[in-house]
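Residue numbers (this note's numbering): 1 to 340. Beta carbons are placed, not taken as given, at the ideal position from N, Cα and C, and that holds for glycine. Here is the structure we will look at, set down as structure tokens.
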Amino acid sequence: SYDYRLTRLNLALFGVARWSYAGFDFELGANLSYVTILRRGYFEKELFAGQRSYGPSRSANFSPSSINALCSYNLGNHRFRASFTTRGDAPTEEAVFLQAEYNNRLVENLATGLTIATELGYEYSRSNLTVSTSLFLAHHSRECDVLHYYDDLAEEYVDAVMSNISRLNLGIEASASLRWAQYFSSQLTLAVGQYRYAKDTAMKIYADNDNDLIANTNSHIKGIRNGTPEVVIAGQVSYRRAGWRATLSAEYWGLRYVSASAVRRTERVLSYAPSVEECAVLKSQQRLPDAVSLGVNISKSFRFANKEWLSIQLAVDNLLNSKMIYGGYEQHRVRRTSNG
């Protein structure tokens with residue numbers, strides 16, 4: 001029922017330089033950017049009459065520039081590399097307004113997000129074997145988000161602004177590819193990491209019908225996982241010959257948790273918990289069962305004289321018919337209880 005347009009304009013000037021010296025390869029890149037975000041409403045909402053919902057909003061302007069550096073060194077079959085990046089990130093269009101569907105009001109104290117990341121890698125390669133591994137660390141800070149939900153404590157719909165969100169991702173990734181016979185090959189990949197919120201975040205909660213400030217609180221999400229599986233293993237064995245290809249693959253996902261609700265962990269919600277046990281339940285994060293999947297893929301390709309191809313393929317996923325929960329999330333709604 002709402003007619004509006006979100007416009008995002010990106011202007012960027014970027015360049016990269018590459019050079020070699022004493023067996024080392026270097027790469028340096030830079031990006032100077034300008035981003036402006038604007039909402040134009042074609043529908044006037046009575047609760048936000050005039051320019052509060054109709055016509056153009058104020059522009060939100062950002063300068064999300066970046067610098068990237070890479071260094072690598074080859075020593076026979078060995079390759080070493082190190083990279084570093086610092087990058088600015090403009091918020092998404094929906095995170096710039098209190099309610100992008102029908103409200104021209106910008107979120108207060110908007111800021112450009114900041115990412116600082118580094119990676120160290122090693123690769124060994126020969127005719128029939130390639131092995132690579134890398135260590136990575138990425139810190140994201142000054143991020144923002146807007147949540148829309150029914151707030152049980154205020155008993156009305158609200159727009160909650162999360163600001164200065166900080167996340168820390170670190171881990172190791174490894175892969176190996178081996179051709180161990182003329183027609184047989186195998187691949188294995190592994191990723192183990194931690195993807196957590198690095199600190200608590202501030203939250204301002206506004207009434208959706210008039211933008212009045214309902215609460216100014218903090219959410220205790222430090223150490224909470226952000227929903228990404230922290231252990232992933234995947235492997236496959238392949239056979240190729242005379243147009244035939246058969247692949248048997250397996251995947252494993254472990255240390256999976258539901259996506260957390262920052263609302264449940266705000267001080268205003270935790271203060272209503274009638275016991276230490278219920279407070280602990282609100283702060284806890286449910287772990288999902290590990291998931292394992294086995295699949296098979298068989299195909300045959302036919303080549304005709306006029307260089308045309310016909311390929312027939314049979315694929316079966318989850319061959320074991322395993323029951324898997326793909327994901328989950330915590331509700332923002334909580335039941336208010338009291339001694340009364």
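Asked                                                                                                               : Found
Distance between beta carbons of residue 119 and residue 135, contact taken as under 8 Å                            : 7 Å
Cβ neighbour criterion (16 or more within 10 Å) applied to residue 100                                              : buried
Residue of 230, 29, 3, 88 minimising C-alpha distance to residue 45                                                 : 3
Span separating the alpha-carbon of residue 140 from that of residue 47                                             : 36 Å
Sequence ranges, alpha helix (DSSP H) only - wholly within the region 233-283, length at least 4                    : 267-270, 276-283
Cα-Cα separation between residue 199 and residue 222, rounded to whole angstroms                                    : 4 Å
Candidates 182, 216, 228: closest to residue 158 by CA position                                                     : 216
Residue 264 vs residue 308 beta-carbon contact at 8 Å                                                               : no
Neighbourhood of residue 297 by C-beta, 6 Å cutoff - its chain only, sequence neighbours within 5 removed           : 247, 315
Cα-Cα separation between residue 129 and residue 249, rounded to whole angstroms                                    : 19 Å
Residue 102 Cβ short of 7 Å to the ligand NAP heavy atom set                                                        : This structure lacks the ligand NAP, and indeed carries no ligand of any kind.
Strand pairing of residue 68, partner residues [DSSP]                                                               : 29, 85
Completely contained beta strand (DSSP E) runs for the region 149-203, where each covers 3 or more residues         : 156-178, 184-197
Sequence-distant residues of the same chain with beta carbon closer than 6 Å to residue 172, five excluded per side : 135, 192
Given 8 Å, three or more beta-carbon pairs between the region 178-198 and the region 224-244                        : yes
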